[in-house]
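The structure appears below as structure tokens.
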DNA sequence: GCGACTACTGAAAACGTTTTCAAATTATTG
DNA sequence: CAATAATTTGAAAACGTTTTCAGTAGTCGC
């Protein structure tokens, strides 16, 4: 039996009447026929189902199903027979049917702001490694920091009956999904959200390290650049302010949409205004990049005119001249931990909320050399 | 009715007997109970199905189904009634059931070598944008250039009944899947494979541009670094060789595993050996990075001691000192085109093979300044 | 007012599995 | 050896949809 997209058109009695064929133009009919007989990727034979395996092995559906999935509920000899028959027929399970019946999708969702952000790329790679190790699929979505998209994707995850979701929410996500309960556990990464488990950089410690380092190297007027779309921007901002106060210094923080262009614009204006700080901390890779470009654009020297440090140890930070001092995030660890926590919570839903703060590593490079002036 | 993971344990007669509870330690029993009554994310009521919507609206299953999916097969008034009922009940379709019955998974697969490679990140972002625009899910897999993983993921895609797969195969993939036919169309990106549609950079043109540019700037002894795991490495190598010959120059190409570390090692050895070329072309972002590091490590000046150019206009290439001359790949275009071709082929399976070569852009920067020596 | 068509609806089958329930067989125990 | 338990199997129900098929009501043209 041939299974093609247009099977109906060619095989059902309804279309054996003159009318449909007569009504269609010659060209269309031709294409239809080609489609029908093209063996390029549609196999010509019906794919074997568990039923066929049962018939071939002389056993019942139930037994075959058990042999193929369970472990130990079936006689080893029988199991081998089933496996052999399945192999011979080239049987492949239909995951949709399996999921429908078993109510287990073996799938998790991963909603990140933008996969092009190297931080998320690294994290998601870790998540995927862990997932596929456990035979779990990952559905990846980009929210673009857009609360509407976030809500849509969360709804989608419901429909997909995912077992859980790992998520980096925007600030507004909290309000948007407040009160909503999901059929799956939620683990947030990088940013906190409501009462969901969270794994993120230890922001307080990270900003402490950066400020301490800059102060130790003689900088006093230290400015900060923090994202205004995420709880993390907020957390880093607060940590920066308190670290500055601890040193008896006056914080000078600017909040912005965390994109390269916005940072370049903002830092440019800041520099042009003439009240530029002695050192600048950028709270993520993109804003650090924007800041660097703005400084370069104006022909200023780092760190002599202005020192620069940031968060996210991206490859380029080491290659630029001068190399940039950064806090390296344990990206792979974050993803791996998130996945572990998710698996754990799926099995033990009642655990109380856990927040894991992972330490970043201060990587000192030339952009924050001791102040000479 | 409560649906929890351990429903069976609490409700079936089998476990109402003393034995299981008696056998378990107190702690375990406690956790089980917590799980049962935890409303944290498992909703306490059964999710409404299409059946409930039918009951609520006083219509049949069939009509409700049609109202929810079809367009025009149902009276508009009826449709509104259904929609209202669905809304009131908070109905969400079960995608597994829908897919099982309709045999349409509305899902495509995306198998890339490594999502951490910015090239693939950019491409996959384009693919996902296009996919979600069409209401299609994307299943992302990293093959790590491992033919065994590739084969495994392709089999997985079969089981997922995906509508199609976009794939960046290794060189050996061809041999591995030769003769195999899939139930879905395959579009390869970046690299060719068998008779599958392909969309990639116009490698010949790209290498021509690079070599021409270097020659025009006075370089003669131009070395090349090319990956040995992909058809693309091969294609770029061949294009390089023919471009060199066209100029009457002797090619000096090295093949390697295309990773940063391997490139750094190889270029380091090359430099140490004393026969380093005047200019070096690296065939992708990772090898370019490795080459840059090796050159830096030895304190050599670019381009005075050795000029450097590559393929892939990654953000860092512009920021390093000196900025690097590269061929920028139309990454977003590649993904977008691949998706378009896939959709097209799903609808018209019989089309003959199409290979799309997109032009890259030569971005001239300081690393290939005219030769002064 | 009749036949033919159209627009709409519902009952029931189907999709390919897993799971339940009960039965049959074999092993274990006192 | 009888009684009980454990192991292994199969028939049939279930999962939540879409699709087929058939039917009913309304409309149109003559």
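Chains as they are written, first to last, in the working numbering: chain A, 4 to 376; chain B, 4 to 376.
Ideal Cβ positions, reconstructed from N, Cα and C, are used throughout, including at glycine.
Asked	Found
Where DSSP assigns a beta bridge to residue 111 (chain A), which residues make up the other side?	A:141 and A:167
May I ask which residues mark the beginning and end of the alpha helix (DSSP H) holding residue 101 (chain B)?	98-105
Exposed or buried, what is residue 68 (chain B) when buried is set at 16 or more other beta-carbons lying within 10 Å of its beta-carbon?	buried
Per DSSP, which one or two residues make a beta bridge with residue 122 (chain A)?	In the DSSP output, where bridge partners are listed per residue, residue 122 (chain A) has none listed.
Straight-line CA distance for residue 182 (chain B) to residue 313 (chain B)?	36 Å
Among the residues of its own chain, which have a CB less than 7 Å from the CB of residue 161 (chain B), if the five just before and after it don't count?	185 and 186
In chain B, which residues lie with their C-beta within 9 Å of the C-beta of residue 141 (chain A)?	142, 143 and 144
Tell me which same chain residues have a C-beta within less than 8 Å of the C-beta of residue 220 (chain B), skipping the five on either side of it?	310, 371, 372, 373 and 374
Can you look up residue 328 (chain B) in the DSSP assignment and give me helix, strand or coil?	strand
What is the rounded straight-line gap between the Cα of residue 50 (chain A) and the Cα of residue 65 (chain B)?	28 Å
Identify which residue in A:302, A:307 and A:334 has its Cα closest to the Cα of residue 316 (chain A).	A:334
Less than 6 Å between C-beta atoms, sequence neighbours within five positions excluded: which residues of the same chain meet that for residue 114 (chain B)?	144, 146, 156 and 170
Around the Cβ of residue 178 (chain A), are there at least 16 other Cβ atoms within 10 angstroms (buried) or fewer (exposed)?	exposed
Taking all protein chains shown into account, do 16 or more other C-beta atoms lie within 10 angstroms of the C-beta of residue 363 (chain B), making it buried, or fewer, making it exposed?	buried
Are residue 283 (chain B) and residue 261 (chain B) touching if we call contact CB-CB under 9 Å?	no
State the DSSP-derived secondary structure class of residue 116 (chain A), mapped to helix, strand or coil.	coil
Hey, residue 142 (chain B) and residue 141 (chain A): beta-carbon distance below 9 Å or not?	yes
Count Cβ pairs between the stretch 237-250 of chain B and the stretch 204-218 of chain B that sit closer than 8 Å; are there 3 or more?	yes
Exposed or buried, what is residue 91 (chain B) when buried is set at 16 or more other beta-carbons lying within 10 Å of its beta-carbon?	exposed
What would DSSP say about residue 197 (chain A), mapped onto helix, strand or coil?	coil
If you check the beta carbons only, do residue 338 (chain B) and residue 273 (chain B) fall under 9 Å apart?	no
Using only the alpha-carbon positions, how far apart do residue 122 (chain A) and residue 120 (chain B) sit?	12 Å
Any beta-carbon of chain A closer than 9 Å to the one on residue 343 (chain B)?	no
For chain B, check one thing: does any of its Cβ atoms lie closer than 9 Å to the Cβ of residue 34 (chain A)?	Only weak support is given to the placement of residue 34 (chain A): the predicted model assigns it a pLDDT of 28, under 50, and the question is left unresolved by the model.
Exposed or buried, residue 232 (chain B), counting other C-beta atoms within 10 Å across all chains shown (16 or more means buried)?	buried
Suppose you measure from the CA of residue 304 (chain A) to the CA of residue 270 (chain B); what does that come to, to the nearest Å?	31 Å
Would you please state the rounded distance, in angstroms, between the beta carbons of residue 285 (chain A) and residue 266 (chain A)? I believe it to be under 8 Å.	7 Å
Checking the sheet assignment: what are the DSSP bridge partners for residue 136 (chain B)?	Looking at the DSSP assignment, residue 136 (chain B) forms no beta bridge with any residue, so it has no partner.
Who are the Cβ neighbours of residue 348 (chain B) in its own chain at under 8 Å, not counting the five residues just before and after it?	167, 188, 190, 200 and 354
What residue ranges within the stretch 214-301 of chain A form continuous alpha helix (DSSP H) runs of no fewer than 4 residues, ordered along the chain?	234-249, 263-276 and 288-300
Just to check my reading of the structure: residue 111 (chain A) and residue 165 (chain A) have Cβ atoms closer than 8 Å, yes? What is that Cβ distance to the nearest angstrom?	5 Å
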